[in-house]
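Colleague: There's a structure below that I have some questions on.
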Amino acid sequence: MTPERDAAEVGVAEAMRTTAATREFTDRVVDAATLQRILDAARFAPSGGNRQPWTVLVVEDRALRARIAELAQAGWNEYVGYLGAGLVPFAVGEDGLWPDPPRIDLAAAAAAAAPSPLIDGLVDAPALLLVLADLTALAVLDGGIGRHSIVGGGSVYPFVQNLLLAARAEGLGGVMTTFLCRREAEAREVLGFPDHVGIAAMVVLGEPVKPVTRLRRRPVEAFARLDRWDGEPFRA
Ligand SMILES: Cc1cc2nc3c(=O)[nH]c(=O)nc-3n(C[C@H](O)[C@H](O)[C@H](O)COP(=O)(O)O)c2cc1C
Numbered sequence: 422m423t424p425e426r427d428a429a430e431v432g433v434a435e436a437m438r439t440t441a442a443t444r445e446f447t448d449r450v451v452d453a454a455t456l457q458r459i460l461d462a463a464r465f466a467p468s469g470g471n472r473q474p475w476t477v478l479v480v481e482d483r484a485l486r487a488r489i490a491e492l493a494q495a496g497w498n499e500y501v502g503y504l505g506a507g508l509v510p511f512a513v514g515e516d517g518l519w520p521d522p523p524r525i526d527l528a529a530a531a532a533a534a535a536p537s538p539l540i541d542g543l544v545d546a547p548a549l550l551l552v553l554a555d556l557t558a559l560a561v562l563d564g565g566i567g568r569h570s571i572v573g574g575g576s577v578y579p580f581v582q583n584l585l586l587a588a589r590a591e592g593l594g595g596v597m598t599t600f601l602c603r604r605e606a607e608a609r610e611v612l613g614f615p616d617h618v619g620i621a622a623m624v625v626l627g628e629p630v631k632p633v634t635r636l637r638r639r640p641v642e643a644f645a646r647l648d649r650w651d652g653e654p655f656r657a
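Adding 421 to a residue's 1-based position in the sequence shown gives its number in the working numbering.
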């Protein structure tokens, strides 16, 4: 299927079912006009109070990309360290809080290089977007209730998903990643964003090497329940 035909034929429901995480890309260039269209579609995402806290850095400079790749690699290494220990990477405890001390030796994990085709290809990736969020513009309704916030990120991740859906409509694929968040302070130095701004995601876009395959997700009855936590599975 050509990208053009793909874009023309994929409706919203189909796009939601087939927008996979794509980490390997062909050499097809993603030009500025395409990125402009993707950003222009994604901007209609919802956000708390419609504050639209996102800023997108379209990173083209190869030296900057190389530095970002180095920083992202550390986060990936940590992730792999958790997996190696048989743990859910970066999970909080049952109290909803970040375990202190962390469950693995993060410094040791970061130092143990783990291969990642995505990071290895970052300098040459067709498009690299960093989605930053103004923390002072997030509506954190679950702030101060004694656990990590879920709601805070909700003002920016619909925008990130829109980026991926808009890319899909252009016949492109991509992945949202968060491993750069593990080195946010260093990234702030490199990219010059202020303290009240954080990294929500690093998004890599391009033409997928492999065709879209069926996504593996839990069926509705596995996550929807009637009335209460201990209710019956919800069914039509
Ligand atoms: C909040 C969030 C964080 C993610 N972080 C990363 C990441 O750091 N690196 C990565 O390769 N993929 C990352 N992903 C992509 C997920 O691995 C991917 O969405 C998931 O495995 C489903 O993949 P599929 O759509 O191809 O089935 C992230 C996705 C989300 C929603």
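Every residue gets a Cβ at the ideal spot worked out from N, C-alpha and C, and that includes glycine.
Being a predicted model, the structure only gives us computed values, none of them experimental.
Which word fits Leu647, buried or exposed, when buried means at least 16 other C-beta atoms lie within 10 angstroms of its C-beta?
Modeller: As a first step, residue 647 is located in the sequence shown; it is residue number 226 there, counting from the start. When all chains shown are included, Leu647 counts as exposed.
Colleague: Out of curiosity, what's the CA-to-CA distance linking Leu556 and Val618?
Modeller: Walking along the sequence shown from the start, residue 556 turns up at place 135. Walking along the sequence shown from the start, residue 618 turns up at place 197. Looking at the two C-alpha atoms, the distance is approximately 6 Å.
Colleague: Do you know whose CA, among Val572, Lys631 and Ala558, lies nearest Ala474's CA?
Modeller: Position 53 of the sequence shown, counted from the first residue, corresponds to residue 474. At residue 474 the sequence reads Pro, which differs from the Ala that was named. If we check each option's Cα against that of Pro474, Ala558 comes out closest.
Colleague: Using the Cα positions of Val477 and Leu504, report the straight-line distance between them to the nearest angstrom.
Modeller: Residue mapping note: residue 477 aligns to position 56 of the sequence shown, counting from 1. Residue mapping note: residue 504 aligns to position 83 of the sequence shown, counting from 1. Approximately 30 Å between the Cα atoms of the pair.
Colleague: Which of the three DSSP states, helix, strand or coil, is assigned to Ile620?
Modeller: As a working note, residue 620 is residue 199 in the sequence shown. Of the three classes helix, strand and coil, the one that applies to Ile620 here is strand, per DSSP.
Colleague: Looking only at its chain, what residues have a beta carbon closer than 7 Å to the beta carbon of Thr440, apart from the 5 residues adjacent to it on each side?
Modeller: The residue you call residue 440 lines up with position 19 of the sequence shown. Hits under 7 Å: Leu585, Leu586 and Arg589.
Colleague: Could you tell me which of Ala528, Gln494, Leu456 and Ile571 sits nearest to Gly627, measuring between CA atoms?
Modeller: On the sequence shown, position 206 is the one that residue 627 refers to. Among Ala528, Gln494, Leu456 and Ile571, the Cα nearest to that of Gly627 belongs to Leu456.
Colleague: At what residues does the alpha helix (DSSP H) containing Leu584 begin and finish?
Modeller: By 1-based counting over the sequence shown, the position of residue 584 is 163. Start and end: Tyr578 to Ala590.
Colleague: Regarding Phe446 and ligand 1, is the C-beta to nearest heavy atom distance less than 7 Å?
Modeller: Start at 1 with the first residue of the sequence shown, and residue 446 comes out as number 25. False, no ligand heavy atom lies under 7 Å from that Cβ.
Colleague: If you count every other CB in all the chains shown that lies within 10 Å of the CB of Trp497, and 16 or more means buried, which is it?
Modeller: To locate residue 497, count along the sequence shown from 1; it is residue 76. Buried, by the Cβ-count rule.
Colleague: Is Val409 near ligand 1, going by C-beta to nearest heavy atom under 7 Å?
Modeller: Absent from the structure is residue 409, since the part of the chain shown begins at 422 and ends at 657.
Colleague: Give, in chain order, every unbroken run of the alpha helix (DSSP H) that is at least 4 residues long and sits entirely within the stretch 538 to 569.
Modeller: The stretch 538 to 569 contains these whole alpha helix (DSSP H) runs: 538 to 541.
Colleague: Considering just the uninterrupted stretch of the beta strand (DSSP E) at Leu478, what are its terminal residues?
Modeller: Within the sequence shown, numbered from 1, the residue matching residue 478 stands at position 57. First-last of the beta strand (DSSP E) with Leu478: Trp475 to Val479.
Colleague: Is it the case that the stretch 458 to 475 contacts the stretch 566 to 582, given that we only count it when at least three CB pairs across the two stretches are under 8 Å?
Modeller: yes
Colleague: Quick one: what's got a C-beta closer than 8 Å to Leu405's C-beta in the same chain, skipping five residues either side?
Modeller: The chain is shown only over 422 to 657; residue 405 falls outside these bounds and no answer can be derived.
Colleague: Rounded to a whole number of angstroms, what is the C-alpha to C-alpha distance between Gly517 and Ser570?
Modeller: Taking the sequence shown and counting its residues from 1, the one referred to as residue 517 is at position 96. Taking the sequence shown and counting its residues from 1, the one referred to as residue 570 is at position 149. Taking C-alpha positions only, Gly517 is separated from Ser570 by approximately 9 Å.
Colleague: What residue range is occupied by the uninterrupted beta strand (DSSP E) comprising Thr439?
Modeller: As a position in the sequence shown, residue 439 is number 18, starting the count at 1. Here Thr439 belongs to no beta strand (DSSP E); instead the alpha helix (DSSP H) covers Val433 to Thr439.
Colleague: Which one of Leu601, Gln582, Phe655 and Arg604 has the shortest CA to CA distance from Met437?
Modeller: Your numbering for residue 437 matches position 16 in the sequence shown. The candidate whose alpha carbon is nearest that of Met437 is Gln582.
Colleague: Ordered along the chain, which non-local residues of its own chain (more than five positions away) have a Cβ less than 6 Å from that of Asp651?
Modeller: Taking the sequence shown and counting its residues from 1, one reaches residue 651 at position 230. Here Asp651 has no same chain residue with a Cβ atom under 6 Å from its own Cβ, once five neighbours each way along the sequence are excluded.
Colleague: Using 10 angstroms around the beta-carbon of Gly567, count the other beta-carbons present and answer buried if the total reaches 16, otherwise exposed.
Modeller: The residue labelled residue 567 in the question sits at position 146 within the sequence shown. Exposed, since its Cβ has fewer than 16 Cβ neighbours within 10 Å.
Colleague: How would you call Val625, buried or exposed, if buried means at least 16 neighbouring beta carbons within 10 angstroms?
Modeller: To locate residue 625, count along the sequence shown from 1; it is residue 204. Classification for Val625: buried.
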